[in-house]
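Chains as they are written, first to last, in our numbering: chain A, 1 to 220; chain B, 221 to 562.
Spelled out as structure tokens, the structure:
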């Protein structure tokens, strides 16, 4: 599903942030991506979603070399990936309903065809009563759940979550993790970037991808 | 809590792991029927624009577009008015010709004038040949020679003004030959030099108006391009989120186009309406000032400021064109910007 071969990334003329990164993500797999702050977890995520291009190496996603993708192909590939950002990236001028519906709206679907799905999902993440609210009046936990709902609405093949429990209390963090595990069981490959060791300890079956000094170490 | 088949969906979410599991199974295996959530669905408002209205310098842009549309409509209609007026001037002048009978020693000028007038009246295409009396001919010289002079001793030329038939045009060469045979000291002036000058002047005025029109549209395009770039910069985060959720560049560009076309339409409506109001006022005042000297000159230049159906069509087409241009130009600029970002 996703392959990194000898990937390196350098910002400007400085040292490489990521060096010779090699790994594969299989369908229906679950992995934590961890490492100290500044190790490059978010950079690696951005490479996966093609928001950054590697300085060297090969990234192959869903059977296609990302270097050879046109802008339209990049957009089509991103539709198969759900992303939960550490800072949520919700659009403040849209309601929660509109934020969650965004991936379906960009597909050009008529609103009437997805309205029920979005409301159902909002209800499911505990935000059914907040569908009309704008993100600015929500708590961190609510925003986190809205961001997760947005990532899930298009039923992605690959889910990336960058510090998804960074803004929530331990109880909610556990629930969010359970949600990701269930998603994984239902067929989605999951990558969770976190430096929360206690979170990783809650699911010991997961692979651990550890970034340190720009290199990736894999613990099966 | 709603029941659907074997599924039990939580209404507050994240309430228990059991419910999550069931919900996930539900989510991954089937979709809810719209009828199951109709009550909530009815409360959801129509979708907001993805490019927020307040993120675009909308008011300034609407004002700029309104002013530009107004000026462009003015330039276009002035060009039409001058072109129409010039056709009238030329046709008025072309319907007249003048015969000048010069006094020559040894010839009776009164007899020459009479012979020339009769020769002209006989010629097909001449509706009328009016002989200017000696006093009238002398009066024509007064503006150059001054009032109160006794011109009776001077050999002043005499004038015959011909009214030509607009439909049955006279053959001017034949007319000239006829005149030369009847009165050798008479000269026919068909005003062609004056007509050519009038035509040149009108064409120049129309060309200048057209140039102003094009420059105004170009200035407006620059303003729209600049506002679009500013809007893209202001909405950088929105563009980034849209990209990440899988929006194609063309989708994002269309969102900007929609916003800018709405602004363009508002501006064009105000500007076009202003132009119609301006011409209505101008027509009103032109009618009131018609009797004055200045009013006559204005009327000679622009007619009575009645823009007529063609003028209205031009304004409506211009307003529509401005709105469309604004929308598509912004779409093009956004698309190019996004493609450059790669």
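For glycine and all other residues, C-beta sits at the position ideal for the given N, C-alpha and C.
Inset, instruction - Taking residue 304 (chain B) as the query, report the chain A residues whose CB atoms sit under 9 Å from its CB, ordered along the chain. - result: Under the 9 Å cutoff, chain A gives no residues; its nearest Cβ is about 49 Å from residue 304 (chain B).
Inset, instruction - Identify whether residue 17 (chain A) lies in helix, strand or coil by the three-state DSSP scheme. - result: Three-state DSSP puts residue 17 (chain A) in a strand.
Inset, instruction - Output the residue ranges of the alpha helix (DSSP H) runs that lie fully inside the segment 428 to 506 of chain B and measure 4 residues or longer, sorted by chain position. - result: 456 to 464
Inset, instruction - Starting from the beta carbon of residue 103 (chain A), find every residue of chain B whose beta carbon is closer than 8 Å, and list them in chain order. - result: Taking a Cβ-Cβ cut-off of 8 Å, the neighbours of residue 103 (chain A) in chain B comprise 465, 466, given in sequence order.
Legend entry - CB contact flag (residue 341 (chain B), residue 331 (chain B), <7 Å): no
Inset, instruction - Taking only beta-carbon positions, decide if residue 83 (chain A) is within less than 7 Å of chain B. - result: yes
Inset, instruction - Check whether the Cβ atoms of residue 317 (chain B) and residue 382 (chain B) lie closer than 7 Å to each other. - result: yes
Inset, instruction - Return no unless some Cβ of chain A is closer than 7 Å to the Cβ of residue 529 (chain B). - result: no
Inset, instruction - Give a yes or no on whether 7 Å exceeds the smallest Cβ distance from residue 267 (chain B) to chain A. - result: At least one chain A Cβ lies under 7 Å of residue 267 (chain B).
Inset, instruction - Classify residue 289 (chain B) as buried or exposed, calling it buried when 16 or more other Cβ atoms lie within 10 Å of its own Cβ. - result: buried
Inset, instruction - Show which residues of chain A have a CB atom less than 7 Å away from the CB atom of residue 462 (chain B). - result: Those within 7 Å of residue 462 (chain B) in chain A are 106.
Legend entry - Through-space distance from residue 497 (chain B) to residue 558 (chain B), alpha-carbon basis: Approximately 41 Å between the Cα atoms of the pair.
Inset, instruction - Report yes or no: is there a C-beta of chain A within less than 7 Å of the C-beta of residue 458 (chain B)? - result: yes
Inset, instruction - List the endpoints of the continuous alpha helix (DSSP H) containing residue 213 (chain A). - result: Where residue 213 (chain A) is concerned, there is no enclosing alpha helix (DSSP H), given that its DSSP letter is neither H nor E.
Legend entry - Cα-Cα separation between residue 153 (chain A) and residue 455 (chain B), rounded to whole angstroms: 24 Å
Inset, instruction - Could you tell me which chain A residues have their CB closer than 7 Å to the CB of residue 559 (chain B), listed as they occur along the chain? - result: 71
Inset, instruction - Return helix, strand or coil for residue 6 (chain A), following the three-state DSSP convention. - result: strand
Legend entry - Bridge-paired residues (DSSP) for residue 378 (chain B): B:321
Inset, instruction - Could you check which residue in B:529, B:479, B:472, B:539 has the C-alpha nearest to that of residue 107 (chain A)? - result: B:472
Inset, instruction - Determine the contact status of residue 83 (chain A) and residue 50 (chain A), defining contact as a CB-CB distance below 7 Å. - result: no
Legend entry - Where residue 553 (chain B) falls, given that 16 or more other Cβ within 10 Å makes a residue buried: By the 10 Å Cβ count, residue 553 (chain B) comes out buried.
Legend entry - Residues near residue 486 (chain B) by beta carbon distance below 7 Å, same chain, minus five either side: 282
Inset, instruction - Could you pull the start and end residues of the alpha helix (DSSP H) that residue 166 (chain A) belongs to? - result: Element bounds for residue 166 (chain A): n/a, residue is neither H nor E.
Inset, instruction - Could you name the residues of the same chain whose beta carbon sits closer than 7 Å to that of residue 174 (chain A), not counting the 5 residues immediately before and after it, in chain order? - result: Setting aside the 5 residues that flank it on each side, residue 174 (chain A) is surrounded in the same chain by 202, each with a C-beta closer than 7 Å to its C-beta; the list follows chain order.
Inset, instruction - Kindly say whether residue 552 (chain B), judged by its beta-carbon, lies nearer than 7 Å to any beta-carbon of chain A. - result: no
Legend entry - Where residue 18 (chain A) falls, given that 16 or more other Cβ within 10 Å makes a residue buried: Buried is the label assigned to residue 18 (chain A), since at least 16 other Cβ atoms lie within 10 Å of its Cβ.
Legend entry - Within-7 Å CB hit, residue 469 (chain B) to chain A: Among the residues facing chain A, residue 469 (chain B) is included, as its CB has a counterpart in that chain under 7 Å away.
Inset, instruction - Measure from the alpha carbon of residue 428 (chain B) to the alpha carbon of each residue in B:359, B:297, B:400, B:280, then state which is nearest. - result: B:297
Inset, instruction - Compute the beta-carbon to beta-carbon distance between residue 135 (chain A) and residue 143 (chain A), rounded to the nearest angstrom, for a pair I have assumed lies under 8 Å. - result: 6 Å
Legend entry - For residue 389 (chain B), the three-state DSSP class (helix, strand or coil): In the structure shown, residue 389 (chain B) adopts coil according to DSSP, grouped into three states.
Inset, instruction - Would you mind telling me which residues of chain B sit closer than 7 Å to residue 111 (chain A), beta carbon to beta carbon, in chain order? - result: By Cβ distance, chain B contributes 267.
Legend entry - Neighbourhood of residue 407 (chain B) by C-beta, 6 Å cutoff - its chain only, sequence neighbours within 5 removed: Here the set comprises 320.
Legend entry - Contacts that residue 51 (chain A) makes with chain B (C-beta to C-beta distance below 9 Å): 460, 463, 464
Legend entry - For residue 534 (chain B) and residue 329 (chain B), the rounded distance between their alpha carbons: Distance between the alpha carbons of residue 329 (chain B) and residue 534 (chain B): 56 Å.
Inset, instruction - Using a cut-off of 7 Å between C-beta atoms, extract the partners of residue 79 (chain A) located in chain B. - result: 466
Legend entry - Minimum C-alpha distance to residue 205 (chain A) - residue among A:213, A:212, A:193, A:181: Checked all of A:213, A:212, A:193, A:181; the closest Cα to residue 205 (chain A) is A:181.
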